[in-house]
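Protein chains: 2
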Amino acid sequence: MSVQERKQRERADRERLIVATARELAEQQGWDAVTTRRLAERIEYSQPVLYSHFRGKREIIGAVALQGATELATAVRTATTTATNPRARVTALARTYLDFAATHPAVYDAIFQLDGGLPYAQDNTPEPLKDAFAALQETLTTVAGHNTHPGLFTEVFWAALHGIATLTREGRLPPEDTQQRLDLIVDRLAVL
Amino acid sequence: MSVQERKQRERADRERLIVATARELAEQQGWDAVTTRRLAERIEYSQPVLYSHFRGKREIIGAVALQGATELATAVRTATTTATNPRARVTALARTYLDFAATHPAVYDAIFQLDGGLPYAQDNTPEPLKDAFAALQETLTTVAGHNTHPGLFTEVFWAALHGIATLTREGRLPPEDTQQRLDLIVDRLAVL
DNA sequence: TCGATTGTCTAGCGGTGCTAGAATCCGGAT
DNA sequence: ATCCGGATTCTAGCACCGCTAGACAATCGA
Numbered sequence: 001m002s003v004q005e006r007k008q009r010e011r012a013d014r015e016r017l018i019v020a021t022a023r024e025l026a027e028q029q030g031w032d033a034v035t036t037r038r039l040a041e042r043i044e045y046s047q048p049v050l051y052s053h054f055r056g057k058r059e060i061i062g063a064v065a066l067q068g069a070t071e072l073a074t075a076v077r078t079a080t081t082t083a084t085n086p087r088a089r090v091t092a093l094a095r096t097y098l099d100f101a102a103t104h105p106a107v108y109d110a111i112f113q114l115d116g117g118l119p120y121a122q123d124n125t126p127e128p129l130k131d132a133f134a135a136l137q138e139t140l141t142t143v144a145g146h147n148t149h150p151g152l153f154t155e156v157f158w159a160a161l162h163g164i165a166t167l168t169r170e171g172r173l174p175p176e177d178t179q180q181r182l183d184l185i186v187d188r189l190a191v192l
Numbered sequence: 193m194s195v196q197e198r199k200q201r202e203r204a205d206r207e208r209l210i211v212a213t214a215r216e217l218a219e220q221q222g223w224d225a226v227t228t229r230r231l232a233e234r235i236e237y238s239q240p241v242l243y244s245h246f247r248g249k250r251e252i253i254g255a256v257a258l259q260g261a262t263e264l265a266t267a268v269r270t271a272t273t274t275a276t277n278p279r280a281r282v283t284a285l286a287r288t289y290l291d292f293a294a295t296h297p298a299v300y301d302a303i304f305q306l307d308g309g310l311p312y313a314q315d316n317t318p319e320p321l322k323d324a325f326a327a328l329q330e331t332l333t334t335v336a337g338h339n340t341h342p343g344l345f346t347e348v349f350w351a352a353l354h355g356i357a358t359l360t361r362e363g364r365l366p367p368e369d370t371q372q373r374l375d376l377i378v379d380r381l382a383v384l
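As they're listed, the protein sequences go chains A and B. Each residue of the first sequence is one higher than the one before, counting from 1 in the numbering used here. Each residue of the second sequence is one higher than the one before, counting from 193 in the numbering used here.
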């Protein structure tokens, strides 16, 4: 039986290699540059091998999205737990979120912009996505205000951050005033 | 000279036809379905004709974006001027914006998501885009608060709306609670 | 009516995501 | 040690994409 186990292990390794390579290529040259041919060449296998692991390019994007969501959740939790008061926590959350979007634009796109074939905001939403939302909600619940549903508040706060992140990255908003925008959002939205 | 004038007129007509057809096709089947072949077939000319009007597909998207921005500006101004008090004006603005995004998703994408080759947030930004932002700012300035720069406030309010619009359309947010999210944004962000 | 210019089309380039079927490798039984 | 059979991987190709060179047709001015 050990032979089969080794094969399974090698297969899992190769799958991780595919996802890591896709992500790397996307961060280096954008998702448009992530073609099945280039990806296959980089992992030193032929194209059809990709399709023995994933249904198609879409699913590879989805895999990157799940990985990214886990990291985003971790980053947010790390940043919020080190802060000492509510206001600092929310500011840290917002800054971490926008930092993540700015430093990993391709991963951010995989999670929030591209079609990775993942179900969102549903019962069968994958755990990493739910958990990323939960990471936001944990902190934001504390500043939602008494008459406001925490989930709804989190959605709105998140949407505001998402708007700033995407509009800034696509050149719709000048990047200089990001900090001031962040302050304004925290000041107005959070009930302290 | 009248022959040349007629030709120019016909050329302009055809250009409008191209933009209108691209827009129609995008709204019906999404931008992915707007291929140069399909577009050429619908306007009953061959592919190269498109390239005598536009540098490429990107510029066609840009043309739709400019048209859409003009309409969005008009819609926002119409909605805000009929309202009687500041709070009603801001609510009308937000609702109109989200309505526009929901009912013309392809046009909204052309303006705010896709690459139409247009310069944003710069001196040479096309007038329709500047004007759409101006339309938002006209109303939002009145509720920015005294210590807040109107431009910055407009950007943040806009980003929040944009976040809700895009996350909702891509299924990241359930569409049912849009009205409550809208109310929350107006309540918290606007200084009345 | 002719020549030149303008306009349009056919055909094709290199690229995309994806897949059928051939070729190869390799573990396990003899 | 050898061979068989199944799993694995590759070659080659599909239909489509954006875009363009060069052939062809239509039209205008002389």
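The C-beta atom is built at its ideal place from N, Cα and C for all residues, glycine as well. Bear in mind the structure is a predicted one, so any value in this text is a computation, not a measurement.
Using a CB distance cut-off of 9 Å, B/Gly363 counts as an interface residue toward chain A. Only those residues of the stretch 101-127 of chain A whose C-beta falls short of 7 Å from the nearest C-beta of chain B are listed: Phe112, Tyr120 and Ala121. In this structure B/Leu306 does not touch B/Pro318 by the C-beta definition: roughly 15 Å separates them, more than the 8 Å allowed. By the rule that beta-carbons nearer than 9 Å mark a contact, A/Ile61 does not touch chain B. At a cut-off of 9 Å, the C-beta of A/Gly56 has no neighbouring C-beta in chain B.
One thing to note: A/Leu140 has its Cβ within 9 Å of the Cβ of A/Pro150.
Against B/Pro366, the close residues of chain A are Ala121, in the order they occur along the chain (beta-carbon pairs closer than 7 Å). Neighbours of B/Ala225 in chain A, taken as residues whose beta carbon is under 9 Å from its own, are absent, since the nearest beta carbon is some 14 Å off. With the rule of 3 Cβ pairs closer than 8 Å, the stretch 93-101 of chain A counts as touching the stretch 164-171 of chain A. Under the Cβ distance rule, A/Thr36 does not count among the residues neighbouring chain B, no pair being separated by less than 9 Å.
Here B/Arg281 has Thr272, Ala275 and Thr331 as same chain residues with Cβ atoms under 6 Å from its own Cβ, once five neighbours each way along the sequence are excluded. A straight-line Cα-Cα distance of about 18 Å links B/Arg364 and B/Ile377. Secondary structure of B/Arg215 (DSSP, three-state): helix. Distance from the CA atom of A/Ala63 to the CA atom of B/Asn277, rounded to whole angstroms, is 49 Å. The C-alpha of B/Phe349 is placed about 13 Å away from the C-alpha of B/Thr334.
At a C-beta separation below 8 Å, B/Thr340 has these neighbours in chain A: Leu184.
Remark: C-beta atoms of B/Asp301 and B/Trp223 approach each other more closely than 9 Å.
Chain-order list of chain A residues neighbouring B/Arg380: Arg188 and Leu189, by C-beta distance under 7 Å. Here A/Lys7 is exposed, its C-beta having fewer than 16 other C-beta atoms within 10 Å. Along the length of the stretch 98-159 of chain A, whole alpha helix (DSSP H) runs at least 4 residues long occupy 105-112 and 127-140, reported in chain order. Between B/Arg215 and B/Ala298, the beta carbon gap of about 7 Å places them in contact (Cβ cut-off 8 Å). A check of alpha carbon separations from B/Glu263 across B/Glu368, B/Thr295 and B/Arg201 identifies B/Thr295 as the nearest. The beta carbon of B/Glu207 sits closer than 6 Å to those of His245, all from its chain and outside the five residues before and after it, given in chain order. Note that the C-beta distance between B/Ala352 and B/Ile303 is not below 9 Å. With a cutoff of 9 Å on beta-carbon distance, B/Ile253 and B/Ile235 are scored as not near each other. The DSSP-derived three-state label of B/Ile235 is coil.
At least 9 Å separates the beta-carbon of B/Leu344 from that of B/Thr283. In the three-state scheme derived from DSSP, where H, G and I count as helix and E and B as strand, A/Leu93 is classed as helix. By the CB criterion at 9 Å, A/Arg87 and A/Leu192 fall inside the cutoff.
Under the three-state reduction of DSSP output, A/Thr84 falls in the coil class, being neither helix nor strand.
If the five residues before and after A/Arg37 are omitted, its C-beta is found closer than 7 Å to the C-beta atoms of Gln47, all from its own chain and listed in chain order.
Counted as a single uninterrupted DSSP element, the alpha helix (DSSP H) harbouring A/Arg188 occupies residues Thr178 to Leu189. Straight across, the Cα-Cα distance linking B/Glu202 with B/Gln196 is about 10 Å. A straight-line Cα-Cα distance of about 15 Å links B/Asp205 and B/Ala232.
With a cutoff of 9 Å on beta-carbon distance, A/Leu136 and A/Thr148 are scored as not near each other.
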